[in-house]
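Peer 1: Line by line, the protein sequences are chains A and B.
Numbering-wise (the numbering used here), the first sequence opens with residue 1 and increments by one.
Numbering-wise (the numbering used here), the second sequence opens with residue 1001 and increments by one.
One structure, pasted below without further comment.
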Amino acid sequence: MRDQIAKYAARLVADRSALPGRIAFAAHDDVLISNGNREMAKLCEGVLSSLSCLGLVAASQSFPIADFLVRRAPAGESRIVPRDTETRTFLHDIPFLRREELAGDPTRRIAKLLGNRKGMIAEGLGVVAAGTVTVEQAYINYSSVFHSTFVKYLLDVLTDGFLLRGEKEAFDRFRAGWLRPLSAEGLAFRSGPIGDPGEILAEIAAVGRHTVERGLVDSFFGNISYRLGDVVYISQTAASLDELPGRIDPVPADNSSTAGITASSELLAHRRIFEAGGARAILHGHPKFAVAMSMLCEEKDCPIKDCWKDCDKVRLLGGTPVVAGEIGAGGLARRVPPVIAKPGKALVYGHGVFTTGRTDFAEAFRAMVDVENWCRGEYFRRLAAKRPG
Amino acid sequence: MELSPTNGWRGSLLHVDLTTGTARAETIPRDLLTHYLGGRGLGVRLLRETHTLDPYHPDMPLVFAVGPLCGTPAPTAARLAVVSRSPLTGTVYDCSAGGRFAHRLKSAGFDALRIVGRSPRQVAIAVTPVGAEIFPADSLWGKTVGETKRALSGKGSVAAIGPAGENGVLFACIMMGEGNAVGRGGLGAVMGSKNLKAVTVDGDLPVGIADRTRFDRARQDVMRLFRASPVIFGELGISEYGTPALVDLMRQRRMAPTENFRKTVFERSGNYSGPAIRKAYGGKKDGCHGCPIQCKRSAPDGTHLPEYETVSHFGALNGIDDLRSIVRSNTACNEQGLDTITAAATLSAWGEGRGRFPDAEEVPALLEDIARRRGEGELLALGSRRVAEAMGNPGLSMSVKSLELPAYDPRGAYGMALAYCTSNRGGCHLRAYPISHEILRKPVATDRFSFSGKARIIKIAEDTNAAIDSLVACKFSFFGATLEEYAELLSATTGEDYTPQSLKEIGERIFLTERFYNCANGFDAGDDRLPERFFREPGSGGEGIDVPPIDEKRFEEEIGKYYRIRGLTPRGTFTDPGYLSGLP
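As structure tokens, this is what we get:
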């Protein structure tokens, strides 16, 4: 289990979601072990010993989004409720403890919140997340909280502006120092059409790795597929995009085998997109600015309240159609295929981006880069328009 | 604090004494409901003081218990647990079953039905909101389950035994009229020993929900997770193909038990896969009361189609590839009231012992012989462990604590190997259900060929599933949802606050109570053993997958860890003989 702790501590540094030196993990097998920042590790051990879970992580976010969200929350609030799909589906809400509530030994108070939710925010400390089954699950839950808080913060700032002293300056530093240009430059893609199953598996694995390494997505958010004849090769459910070798299911179109029951929850959407014609490669990820921008709607007096699932309109963001729909067997698989065929790209409200390639992944990858870059640019354009300077 | 008469729990059980022919309603102390929930937990608690009695002792209770979510629109919660002591394994035994019986029992106004005693004549019980009527059932004795159900039509939902239960077959089921089985451990034989042929339940009392808005929100959350789960609502999932959706996956993972676990791949399993069953029978969807998943399948003529375990064990385990024969075997088991897994595994062990597995034509007749205890059936009715011992080769029985292993070869999933052994009811896949993460990648994937962390994972899962079995919810729900959403449903229903953590603590209490009962009946670490075959012989490797024998030393280390994590002695027993007295 120590190897797992080392692996996921390194990942938090590599994906830049946590501050080096401010990361700790604990794991509970027959003995309790921990590693990382000494003070935080001690806290992790204390919290984990009160929970029926195997793993726990505590880490300070590289940009203190969660702290800002807590400080911006009205007095009396005890949780934040991001509205993106990740939160709606898996987290529900994210409870927090304010700095003053952490005075003394906060172990029991943190454990109590984690007894009911996958992750929580401790102001000044960071995000604490538990994994019932594995250390990896704790990392995934941290990553989910990071993603959800990131998206919510972007939207809140755009709506309400900066409310706290030093917040704007911190945000500007984040923009200048943390955000990196997104690009497909320097990447080599196999030219399509790809006719060999072995080549397809290798290319899917390579593209998954590129998607993570280029910062387009966090490793656990997304799926990839390629169609060869009547077979769709698709990444498995809960598979990290940068660890896809051995985690890709070949699924026959006629459902003559159900071995692909472990395929991504978006198999249905991928199939319908292929059926709509024109695509051999599909890339799906959750780039943060695209997710945030997809949730901005300027419709006035709209009677629809649950936009993320009930809206049947098609909006455009820089030429990318935006539709609503729940994941898996929800409405996404019905609404994306009709709009993606022509532009080769589509956004799902609060969820993520689908892009396609007619013969290979180069086109799909570049399209995803373009969508996120456009959304990023548009976000900052709107933010600048909202505030002077 | 007074129980609300309608929110979640009824607060009442119906006690029936078949020796005296009397019945009375009893109040269930609130403490027991809040600390044991219902279903398995409540049933296990109600067994206290009688847990060392012989399974056939008249005073041994047979408890039918529903959960606090039953009767509400909580997804997959129209289930109950039947609890007693198993004549097959000698362990405390519970089995979760769906259908409509649970819903009707709750609607009759009871959280539980506790049956004790032995009737001087063959009887049935009719439960309604006014209580229980015990009536003669001599004319039903000897009838099949289907015949019994038809004879009792008009009395609500039926739970009945077939000839197997009447004749004391050690793996006799109690069959719900809708085709669901209270299977595995022989509780049908316990029911038969009481001279009880059937129980009918009927009622229409509503169940209240303390906070409807909170409940509806939690229900929506559950349904969203179901839709996001490829295993549940995916195009290749169990809602489309039923549990036989696993046939192709287990073949691909090279862990489908074949020819009494001598091999782990059966090349002709495609003949009875989910798609093959759909092609042959159409696969009309069917399921438990109010369940959105509808994982059961039936043929156009209403014949219930077999589950994954059944097709695989009547198929690969006996080297049979004829789907129609497998369906006939399944029907025979349902009609006679036999557990399909143990029946098929016992035939397989016997087949290996005699040098020839039974062929497709032989099996249905053998099953009837077992149920009637005639010819070869007299021996086969005792289950594989006793059959193998009688044949002078105990190693033939692929069982743990005398319960036959289901259709997941432990050499292909080491958490499963461990969980078969630590299960309180013997070789069962459902206590910890590690297939969820080792094969189906839910909630996250674990390395199926590694023991790392598995002792802790199994412990947590056992506690979690003990709580789930007490709610009572279907384990398939948790291929999508988690205890977070079900804790919300429970809190909203009862008005009491529960969290995933508090539910797991309740599950731990239930699990340890069961283990304590077992220890009181002489079980210890020596019974937490896999058959030697899995440590000595490899599975069927190939296609880049190696299936070696399990490393016995590593296995022993991990089970030692498990005992430490559970707070047990190295012998798997309790340090405190008064453990139960500290519990509610």
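Even for Gly, the Cβ is constructed at its ideal location relative to N, Cα and C.
Compare the C-beta of H92 of chain A with all C-beta atoms of chain B and state if any pair is closer than 8 angstroms.
Peer 2: yes
Peer 1: Can you list the beta strand (DSSP E) stretches of 3 or more residues lying completely in the segment 269 to 308 of chain A, in chain order?
Peer 2: Correct list: 281 to 285.
Peer 1: Could you tell me whether the Cβ atoms of D1211 of chain B and R1104 of chain B are closer together than 8 angstroms?
Peer 2: no
Peer 1: Considering only heavy atoms of the ligand FMN, does any lie closer than 7 angstroms to the CB of E1049 of chain B?
Peer 2: Among the components of this structure there are no ligands whatsoever, and the ligand FMN is therefore not found.
Peer 1: Give the secondary structure of M1398 of chain B by DSSP, where H, G and I count as helix, E and B as strand, and everything else as coil.
Peer 2: coil
Peer 1: Flag this pair as yes or no: are the beta carbons of V47 of chain A and L56 of chain A separated by less than 8 angstroms?
Peer 2: Yes, they are a contact pair.
Peer 1: Count the other CB atoms, across all protein chains shown, that sit within 10 Å of the CB of E1026 of chain B; report buried if there are 16 or more and exposed otherwise.
Peer 2: exposed
Peer 1: Please report the residue range of the alpha helix (DSSP H) in which R44 of chain A lies.
Peer 2: Note on residue identity: the sequence assigns Cys, not Arg, to residue 44 of chain A. Here the alpha helix (DSSP H) through C44 of chain A covers R38 to L48.
Peer 1: Is the CB-CB distance between E1235 of chain B and N255 of chain A below 8 angstroms?
Peer 2: yes
Peer 1: Comparing the C-beta of S1229 of chain B with each C-beta of chain A, is any distance below 8 angstroms?
Peer 2: The C-beta of S1229 of chain B comes closer than 8 angstroms to at least one C-beta of chain A.
Peer 1: I'd like to know whether the C-beta of G1412 of chain B is nearer than 8 angstroms to at least one C-beta of chain A.
Peer 2: Taking CB atoms only, G1412 of chain B has no neighbour in chain A less than 8 angstroms away.
Peer 1: Taking 8 angstroms as the threshold, find out whether the segment 1076 to 1083 of chain B comes into contact with the segment 1093 to 1103 of chain B through three or more Cβ pairs.
Peer 2: Yes, the segment 1076 to 1083 of chain B touches the segment 1093 to 1103 of chain B.
Peer 1: List the DSSP bridge partners of T953 of chain B.
Peer 2: Residue numbering for chain B in the displayed model covers 1001 to 1584; residue 953 of chain B lies beyond these limits and cannot be assessed.
Peer 1: Say whether chain A places a C-beta atom closer than 8 angstroms to the C-beta of M1001 of chain B.
Peer 2: Annotation note: pLDDT 36 at M1001 of chain B (below 50); position unreliable, no value reported.
Peer 1: Three-state secondary structure (DSSP) at L426 of chain A?
Peer 2: Nothing about residue 426 of chain A can be read from this structure; chain A reaches only from 1 to 389.
Peer 1: Residues of the segment 211 to 241 of chain A in Cβ contact with chain B at a cutoff of 8 angstroms, in chain order, please.
Peer 2: Q236, T237, A238 and A239
Peer 1: With a 10 Å radius around its C-beta and 16 neighbouring C-beta atoms as the bar for buried, classify N1393 of chain B as buried or exposed.
Peer 2: Classification for N1393 of chain B: exposed.
Peer 1: Give the straight-line distance between the Cα atoms of L1062 of chain B and D1576 of chain B, rounded to the nearest whole angstrom.
Peer 2: 28 angstroms
Peer 1: List, in order along the chain, the chain A residues whose C-beta lies closer than 7 angstroms to that of A1445 of chain B?
Peer 2: A238
Peer 1: Straight-line CA distance for K118 of chain A to R1100 of chain B?
Peer 2: 34 angstroms
Peer 1: What do you get for L1033 of chain B, buried or exposed, if any count of 16 or more other CB atoms within 10 angstroms of its CB means buried?
Peer 2: buried
Peer 1: Could you name the residues of the same chain whose beta carbon sits closer than 6 angstroms to that of R1564 of chain B, not counting the 5 residues immediately before and after it, in chain order?
Peer 2: Cβ neighbours of R1564 of chain B beyond the five flanking positions: none.
Peer 1: Could you check whether the Cβ of S78 of chain A sits closer than 8 angstroms to any Cβ belonging to chain B?
Peer 2: no
Peer 1: Can you check whether the CB of L1483 of chain B is closer than 8 angstroms to the CB of A1461 of chain B?
Peer 2: no
Peer 1: Enumerated in chain order, which unbroken segments of the beta strand (DSSP E) with a length of 3 residues or greater are wholly contained in the segment 1181 to 1261 of chain B?
Peer 2: 1196 to 1201
Peer 1: State the Cα-Cα distance for the pair D1221 of chain B and G192 of chain A, rounded to the nearest angstrom.
Peer 2: Computed Cα separation, rounded: 41 angstroms.
Peer 1: Any idea what DSSP makes of K313 of chain A, helix, strand or coil?
Peer 2: coil
Peer 1: Taking CB distances under 8 angstroms as the criterion, tell me whether A18 of chain A reaches chain B.
Peer 2: no
Peer 1: Would you report the Cα separation of G1548 of chain B and A1126 of chain B, rounded to the nearest angstrom?
Peer 2: Checking the displayed sequence, the identity of residue 1548 of chain B turns out to be Pro instead of Gly. Distance between the alpha carbons of P1548 of chain B and A1126 of chain B: 53 angstroms.
Peer 1: Ordered along the chain, which non-local residues of its own chain (more than five positions away) have a Cβ less than 6 angstroms from that of F1233 of chain B?
Peer 2: F1226, R1227 and S1239
Peer 1: Would you kindly work out how many angstroms separate the C-alpha atoms of I1510 of chain B and D1469 of chain B, rounded to a whole number?
Peer 2: 10 angstroms
Peer 1: In terms of residues, what are the limits of the alpha helix (DSSP H) holding V1127 of chain B?
Peer 2: First-last for V1127 of chain B: V1123 to T1128, but that is the beta strand (DSSP E), not the alpha helix (DSSP H).
Peer 1: Spell out the partners DSSP gives H1304 of chain B in its beta bridges.
Peer 2: B:S1298
Peer 1: Can T1346 of chain B and V1387 of chain B be called in contact, C-beta distance under 8 angstroms?
Peer 2: The criterion of a C-beta distance shorter than 8 angstroms is satisfied by T1346 of chain B and V1387 of chain B.
Peer 1: When the Cα atoms are used, what is the spatial distance from A1112 of chain B to T1494 of chain B?
Peer 2: 17 angstroms
Peer 1: Could you confirm whether any beta carbon from chain B is found closer than 8 angstroms to the beta carbon of I304 of chain A?
Peer 2: Chain B, which has no Cβ nearer than 8 angstroms to the Cβ of I304 of chain A, makes this no.
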